[in-house]
Amino acid sequence: MLNYIWAAMIAIGILYAALTGNMEAVANGALDSAGEAVQLCITMTGVMGLWVGLMEIASSSGLVQSLTRGIQPFITFLFPRIPKDHPARQHISTNIIANILGLGWACTPAGLKAMEELEKLEEDRRTGRAAGPAQKKGTASNEMCTFLILNISSLQLIPVNVIAYRSQYGSAAPASIVGAGILATAVSTAVAVVFCKVMDRKL
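Each residue of the sequence shown is one higher than the one before, counting from 2 in our numbering.
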């Protein structure tokens, strides 16, 4: 649907420019935007390299593992039906930590791994190898939905992406968004946790 909306907006803009004699402005705008897109990609690649590298250092130093152990009570609270020794817990923890640090790129692989392990857990439930009610194949489990909602709400202490965008476009204080970002994502995460627990009780 979004493809159709964007295509319609572009077509309307080009048609309006043609009728009002502003095709040169459209062409110049397209070229300028293409150049800005390349510059932004280069900037974001550098930022990604920096923070993913820091994440690797944190992992190698044992910091990520320590943080993972520290949030296990929170994981148990949100996902009480996942066995304590299940691999999904590790991937979910890594994803949450990466999100908190604002490392969206680093959290994606952990998120995909977590979903794979949650699907394996659901398959074990369907075959009786794991305890608990199972969803039919092709239907997301309660844990999958909870993890997705938590991942989208995403508490962030350092909104790396937004800071990089603001810096790219000439903000005088690109990091001034940090306070507002922490407040907004803290509220969204709190609402997500409450929503997940309420819906969990209804199932």
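Built from N, CA and C at the ideal position, the CB exists for glycine as well.
If I measure Cβ to Cβ from residue i and keep anything under 8 Å in the same chain, skipping five residues before and after, which residues do I get?
i	result
residue 94	68, 69, 72, 73, 76
residue 187	156
residue 288	No answer is possible for residue 288: it lies beyond the span of the chain, which begins at 2 and ends at 204.
Quick one: is residue i buried, meaning 16 or more other Cβ sit within 10 Å of its Cβ, or exposed?
i	result
residue 96	buried
residue 42	exposed
residue 56	buried
residue 151	buried
residue 192	exposed
residue 202	exposed
residue 173	exposed
To the nearest angstrom, report how far apart residue i and residue j are at their CA atoms.
i	j	result
residue 116	residue 124	12 Å
residue 213	residue 26	Nothing in the structure corresponds to residue 213, since the chain is present only between 2 and 204.
residue 36	residue 49	20 Å
residue 197	residue 79	8 Å
residue 104	residue 53	7 Å
residue 102	residue 145	22 Å
residue 39	residue 46	11 Å
residue 143	residue 194	13 Å
residue 87	residue 154	24 Å
residue 158	residue 5	36 Å
residue 44	residue 62	27 Å
residue 11	residue 31	11 Å
For the alpha helix (DSSP H) containing residue i, name the first residue and the last one.
i	result
residue 80	Here residue 80 belongs to no alpha helix (DSSP H), and DSSP marks it neither H nor E.
residue 160	No alpha helix (DSSP H) contains residue 160, which DSSP labels as neither H nor E.
residue 178	Element bounds for residue 178: n/a, residue is neither H nor E.
residue 130	Note, residue 130: premise wrong, no alpha helix (DSSP H); not H, not E.
Just to confirm my understanding: we take residue i, look at its own chain, exclude 5 residues before and 5 after, and list those with CB closer than 6 Å. What are they?
i	result
residue 18	24, 27
residue 168	175
Identify, in the order they occur along the chain, each residue of the same chain with its Cβ nearer than 7 Å to the Cβ of residue i, setting aside the five sequence neighbours on each side.
i	result
residue 1	It is not possible to answer for residue 1, since the shown part of the chain is limited to 2 through 204.
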